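Quick notes on the structure that follows.
Numbering (UniProt numbering), first residue to last: 1 to 112.
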């Protein structure tokens with residue numbers, strides 16, 4: 001199961017659990033989850049989805065594109081620190097280096 005949590009201060013967390021009974025989600029709300037969720041307390045569950053670890057990474061990149069790469073953690077980007085530059089997967093997925101306006105191929109503004 002993939003889950004997305006909205007956190008304090010406009011932050012988000014994407015997680016993966018093999019359990020489908022919300023045990024892992026509850027741990028985040030009880031202060032026993034990731035360091036990111038300890039720093040920015042969970043407010044609510046945005047959604048849960050069927051998926052694997054690959055899907056967790058994919059969802060994390062998707063939300064980084066929407067909310068900014070320093071506002072989202074999950075998948076292989078779980079460290080509770082600010083990144084000095086976007087993850088290379090985010091750049092290669094959505095950023096056209098010839099496009100100085102930070103607009104992806106769908107016409108959406110990329111938030112870095």
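Think of the CB as a built atom: it goes at the ideal place given N, C-alpha and C, for glycine as much as any other residue.
Note that the structure is a prediction, hence the values are computed from the model and not measured.
N-terminal and C-terminal residue of the beta strand (DSSP E) that residue 12 is part of: Under the DSSP assignment, residue 12 falls in the beta strand (DSSP E) whose first and last residues are 12-16.
9 Å Cβ cutoff, residue 49 in contact with chain D: Absence of chain D from the displayed structure is noted, only one protein chain being present.
Other residues of its chain near residue 76: CB distance less than 7 Å, five sequence neighbours each side excluded: In the same chain as residue 76, and ignoring 5 residues on each side of it, the C-beta atoms closer than 7 Å to its own belong to 57, in chain order.
Euclidean distance between Cα positions of residue 30 and residue 85: When rounded, the distance between both Cα atoms is 31 Å.
Coil, strand or helix - residue 120 by DSSP: This structure does not reach residue 120, given that the chain is present from 1 up to 112, and the question cannot be answered.
Beta-carbon proximity of residue 3 to residue 25, cut-off 9 Å: It is a contact, given that the beta carbons lie within the stated cut-off.
Endpoints, the alpha helix (DSSP H) within which residue 62 is located: Looking at the DSSP string, the run of the alpha helix (DSSP H) that includes residue 62 is 53-67.
Assigned secondary structure, residue 44 (DSSP; H/G/I helix, E/B strand, else coil): Judged by DSSP in its simplified three-state form, residue 44 adopts strand.
CA nearest to the CA of residue 39, picked from 11, 65, 21: Per the Cα distances, 11.
Of the residues 5, 28, 71, the one placed nearest residue 44, counting alpha carbons only: Cα-wise, what sits closest to residue 44 is 5.
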